[in-house]
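Each residue of the sequence shown is one higher than the last, beginning at 110 in my numbering.
For glycine and all other residues, C-beta sits at the position ideal for the given N, C-alpha and C.
To start, the structure itself, in C-alpha coordinates.
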Amino acid sequence: MCSKFRSPQKKESDMMKATKFAVVLMAAGLTVGCASKSDITNLQTQIDGLKAEQASIKSTADEALSAAQAAESKAGAAEAAARRAAAAAEETNSKLDRMFKKSMMK
(Lines of atoms letter the chains of each structure in order from A and count residues from 1; the text may use other names and numbers.)
(Lines give C-alpha, C1' and ligand atoms only; values in the text may rest on other atoms or scores of the structure.)
Protein backbone atom coordinates (compact mmCIF):
# COMPACT_ATOMS: atom_id res chain seq x y z
CA MET A 1 0.00 0.00 0.00
CA CYS A 2 1.33 3.44 -0.83
CA SER A 3 1.96 5.66 2.22
CA LYS A 4 -0.01 8.62 0.86
CA PHE A 5 -3.21 6.51 0.92
CA ARG A 6 -2.94 5.50 4.60
CA SER A 7 -5.63 6.56 6.97
CA PRO A 8 -4.85 9.09 9.74
CA GLN A 9 -5.45 6.37 12.36
CA LYS A 10 -2.87 4.11 10.66
CA LYS A 11 -0.33 6.95 10.60
CA GLU A 12 -0.89 7.63 14.30
CA SER A 13 -0.50 3.92 15.06
CA ASP A 14 2.78 3.85 13.12
CA MET A 15 3.99 6.93 15.01
CA MET A 16 3.14 5.30 18.34
CA LYS A 17 5.04 2.16 17.36
CA ALA A 18 8.05 4.22 16.34
CA THR A 19 7.90 6.21 19.59
CA LYS A 20 7.66 3.07 21.71
CA PHE A 21 10.56 1.53 19.81
CA ALA A 22 12.67 4.66 20.37
CA VAL A 23 11.88 4.62 24.11
CA VAL A 24 12.86 0.95 24.37
CA LEU A 25 16.10 1.63 22.51
CA MET A 26 16.95 4.56 24.77
CA ALA A 27 16.27 2.50 27.88
CA ALA A 28 18.43 -0.33 26.58
CA GLY A 29 21.16 2.12 25.69
CA LEU A 30 21.13 3.66 29.15
CA THR A 31 21.16 0.25 30.81
CA VAL A 32 23.95 -1.24 28.72
CA GLY A 33 25.73 1.83 27.38
CA CYS A 34 27.61 2.94 30.48
CA ALA A 35 31.22 2.02 29.83
CA SER A 36 33.59 1.62 32.73
CA LYS A 37 36.99 3.29 32.92
CA SER A 38 38.68 -0.07 32.35
CA ASP A 39 36.64 -0.56 29.15
CA ILE A 40 37.76 2.84 27.90
CA THR A 41 41.38 2.13 28.86
CA ASN A 42 41.18 -1.23 27.07
CA LEU A 43 39.81 0.43 23.94
CA GLN A 44 42.51 3.11 24.06
CA THR A 45 45.17 0.40 24.35
CA GLN A 46 43.70 -1.36 21.32
CA ILE A 47 43.61 1.91 19.38
CA ASP A 48 47.24 2.63 20.26
CA GLY A 49 48.20 -0.87 19.15
CA LEU A 50 46.38 -0.43 15.86
CA LYS A 51 48.09 2.91 15.29
CA ALA A 52 51.49 1.31 15.85
CA GLU A 53 50.59 -1.55 13.51
CA GLN A 54 49.39 0.91 10.88
CA ALA A 55 52.68 2.85 11.16
CA SER A 56 54.63 -0.39 10.72
CA ILE A 57 52.57 -1.33 7.66
CA LYS A 58 53.10 2.13 6.17
CA SER A 59 56.85 1.85 6.76
CA THR A 60 56.92 -1.54 5.03
CA ALA A 61 54.91 -0.16 2.12
CA ASP A 62 57.28 2.81 1.81
CA GLU A 63 60.27 0.44 1.76
CA ALA A 64 58.59 -1.69 -0.91
CA LEU A 65 57.89 1.42 -2.99
CA SER A 66 61.53 2.52 -2.72
CA ALA A 67 62.72 -0.94 -3.75
CA ALA A 68 60.34 -0.98 -6.71
CA GLN A 69 61.51 2.45 -7.83
CA ALA A 70 65.16 1.38 -7.56
CA ALA A 71 64.42 -1.76 -9.57
CA GLU A 72 62.65 0.31 -12.21
CA SER A 73 65.65 2.63 -12.43
CA LYS A 74 68.06 -0.30 -12.78
CA ALA A 75 65.84 -1.89 -15.43
CA GLY A 76 65.84 1.38 -17.37
CA ALA A 77 69.64 1.57 -17.18
CA ALA A 78 69.96 -2.06 -18.29
CA GLU A 79 67.63 -1.42 -21.21
CA ALA A 80 69.69 1.61 -22.28
CA ALA A 81 72.91 -0.43 -22.05
CA ALA A 82 71.35 -3.22 -24.10
CA ARG A 83 70.28 -0.73 -26.77
CA ARG A 84 73.82 0.71 -26.91
CA ALA A 85 75.29 -2.80 -27.19
CA ALA A 86 72.84 -3.67 -29.97
CA ALA A 87 73.73 -0.47 -31.84
CA ALA A 88 77.46 -1.19 -31.46
CA ALA A 89 76.96 -4.75 -32.67
CA GLU A 90 75.00 -3.50 -35.68
CA GLU A 91 77.73 -0.98 -36.48
CA THR A 92 80.42 -3.67 -36.19
CA ASN A 93 78.37 -5.97 -38.41
CA SER A 94 78.06 -3.24 -41.04
CA LYS A 95 81.83 -2.62 -40.98
CA LEU A 96 82.52 -6.33 -41.39
CA ASP A 97 80.11 -6.51 -44.32
CA ARG A 98 81.85 -3.58 -46.03
CA MET A 99 85.28 -5.12 -45.43
CA PHE A 100 84.07 -8.44 -46.81
CA LYS A 101 82.66 -6.77 -49.93
CA LYS A 102 85.94 -4.88 -50.48
CA SER A 103 87.94 -8.09 -50.17
CA MET A 104 85.64 -9.79 -52.70
CA MET A 105 86.16 -7.01 -55.26
CA LYS A 106 89.94 -7.43 -55.35
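Residue span of the alpha helix (DSSP H) that contains SER182, given as start and end: 146-214
Between ASP206 and ALA187, what straight-line distance do the alpha-carbon atoms span, to the nearest angstrom? 28 Å
Report the rounded CA-to-CA distance for ALA161 versus LEU174, giving the unit in angstroms. 20 Å
Please report how far the alpha carbon of GLY138 lies from the alpha carbon of ILE149, in whole angstroms. 17 Å
Work out the CA separation of LYS204 and LYS211 for me, nearest whole Å. 11 Å
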